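Trainee: 3 is the number of the first residue of the sequence shown in our numbering; add one for each residue after it.
Submitted below is the structure of interest, expressed as structure tokens.
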Amino acid sequence: METSHDDDGRWISRRGALATIGGLAGVGTVAGYLDAGGESVRVLSAGSLATTFEDHVAPAFEAQTGIAVHGEYYGANAVMRMVEDGTKHPDVVVSADATLLRDRLYDGVTDWDVEFASNAVGIAYAPDVPLGRRLADGEPWYA
Numbered sequence: 003m004e005t006s007h008d009d010d011g012r013w014i015s016r017r018g019a020l021a022t023i024g025g026l027a028g029v030g031t032v033a034g035y036l037d038a039g040g041e042s043v044r045v046l047s048a049g050s051l052a053t054t055f056e057d058h059v060a061p062a063f064e065a066q067t068g069i070a071v072h073g074e075y076y077g078a079n080a081v082m083r084m085v086e087d088g089t090k091h092p093d094v095v096v097s098a099d100a101t102l103l104r105d106r107l108y109d110g111v112t113d114w115d116v117e118f119a120s121n122a123v124g125i126a127y128a129p130d131v132p133l134g135r136r137l138a139d140g141e142p143w144y145a
């Protein structure tokens, strides 16, 4: 396992860096294939995670390791396509869809990933509109 150190002389493993990013992100799947050296980590991620990365993960990771995070955000399929066709060469790929990442990037780009969280979807509705009344009555939203 390769290691490097930050400006304060602390040693951090490549997988440790990825685990820190994954632990801070809170949702998704991380696959990594870091180049040797460097003072920053290039992240290619699903656009739905942009705010989380820019506002929380990147600042926390940099504060902890001294290594800057540079993120680019696109749709999940676009992220996979750019990595597959060599358009982008990130250090870390983050997807909100573990299956998509595994189907598209294993056997050629990466041989491991870390799935670290899941998400739930909530639906809120106004009970005084036709759709809201249908939902309150237990009818499917798509009916």
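C-beta: ideal position from N, C-alpha, C; glycine also.
Computed from a prediction, not measured in an experiment: that's the story for all the values here.
1) For residue 67, is the classification buried or exposed, using 16 other Cβ atoms within 10 angstroms of its Cβ as the cut-off for buried?
2) Which of the three DSSP states, helix, strand or coil, is assigned to residue 50?
3) Taking only the alpha-carbon atoms, compute the straight-line gap between residue 141 and residue 99 and give it to the nearest angstrom.
4) Count the other CB atoms, across all protein chains shown, that sit within 10 Å of the CB of residue 78; report buried if there are 16 or more and exposed otherwise.
5) Report yes if the CB atom of residue 42 is closer than 9 Å to the CB atom of residue 75, and no otherwise.
6) Quick check on the DSSP output: the beta strand (DSSP E) that includes residue 70 runs from which residue to which?
7) Tell whether a beta-carbon distance below 9 Å holds between residue 85 and residue 51.
Mentor: In this structure, then:
1) So residue 67 counts as buried.
2) Annotated three-state conformation of residue 50 is helix, per DSSP.
3) If you take the alpha carbons of residue 141 and residue 99, they lie about 29 Å apart.
4) Here residue 78 is buried: its Cβ has 16 or more other Cβ atoms, across all protein chains shown, within 10 Å.
5) No.
6) First-last of the beta strand (DSSP E) with residue 70: 70-76.
7) Residue 51 is positioned such that its CB atom lies no closer than 9 Å to that of residue 85.
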